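Q:
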Amino acid sequence: MVEDGHEVFLFGSNFNHATKSYSRKFKDNFLLEKINGVNFVWINNAPKYTSNGLKRLLGMFDYSIKAYLAAVKISKTNKKPDVIIGSVAHSFAVLSAWLFSLRKKIPLWIDISELWPEAYIEAGVLSKFHPLALVLSLLARFLYKKGEVVTVINPNTRDFITLKRGVNKEK
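So the number in the numbering used here is just where the residue sits in the sequence shown, counting from 1, plus 4.
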């Protein structure tokens, strides 16, 4: 996208889920860093967690709120984006992307790399009847319908979201 002349902003957490450590340390809510022409917006994500539990869930909320606020602040000094792409690292991140797209009246594209809460259910972390799983299912259904475009890599994911989540195949 950068090579095609687009200004790209990529939002991500400074907390690395795999290593359970912070990749960048800074005091503000976010850090803007340009790398190879891409504007990386590092979100100062807290709290630190070591397992799938309440702290991880709080971290998801923390990230989503701070990412939205960072997008609002950054948008005041940059031109209006053409599109917002919300990638499903978790559904709350896409929720903040949708809220920002509403605020700016910009199309939302959703990129699904992992199904929520199905990933947690399949891993045995949540029962499909757990209240969090039910909330995440409703949120996913809502967001997939709000996205103007929904991209998936796996054809099984496409079939799942069209058959079980009611997403139009044309998206």
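C-beta: ideal position from N, C-alpha, C; glycine also. In this text, all values refer to a predicted model and were calculated from it rather than measured experimentally.
What did DSSP end up calling residue 224 once you bin it into helix, strand or coil?
A: This structure does not reach residue 224, given that the chain is present from 5 up to 175, and the question cannot be answered.
Q: Rounded C-beta distance between residue 95 and residue 136? I'm assuming under 8 Å.
A: 11 Å between Cβ atoms; not a contact.
Q: Does the structure place the stretch 63 to 80 close enough to the stretch 118 to 137 that three or more beta carbon pairs sit under 8 Å?
A: Flag = no, the stretch 118 to 137 and the stretch 63 to 80 do not touch.
Q: Near residue 7, which residues of its chain fall below 6 Å by C-beta distance, leaving aside the five closest residues on each side in sequence?
A: Closer than 6 Å at the Cβ level, and outside the excluded window around residue 7, lies no residue.
Q: Ordered along the chain, which non-local residues of its own chain (more than five positions away) have a Cβ less than 7 Å from that of residue 68?
A: Only 96, 97, 99, 100 meet the Cβ criterion.
Q: In chain order, which beta strand (DSSP E) runs of at least 3 residues are fully inside the stretch 35 to 98?
A: For the stretch 35 to 98, whole beta strand (DSSP E) runs of length 3 or above, ordered along the chain, are 42 to 47, 88 to 91.
Q: Provide the residue(s) that pair with residue 26 in DSSP beta bridges, ordered along the chain.
A: Looking at the DSSP assignment, residue 26 forms a beta bridge with 19.
Q: Just the C-alpha distance for residue 156 and residue 34, rounded to the nearest angstrom, thanks.
A: The straight-line gap from Cα to Cα measures roughly 29 Å.
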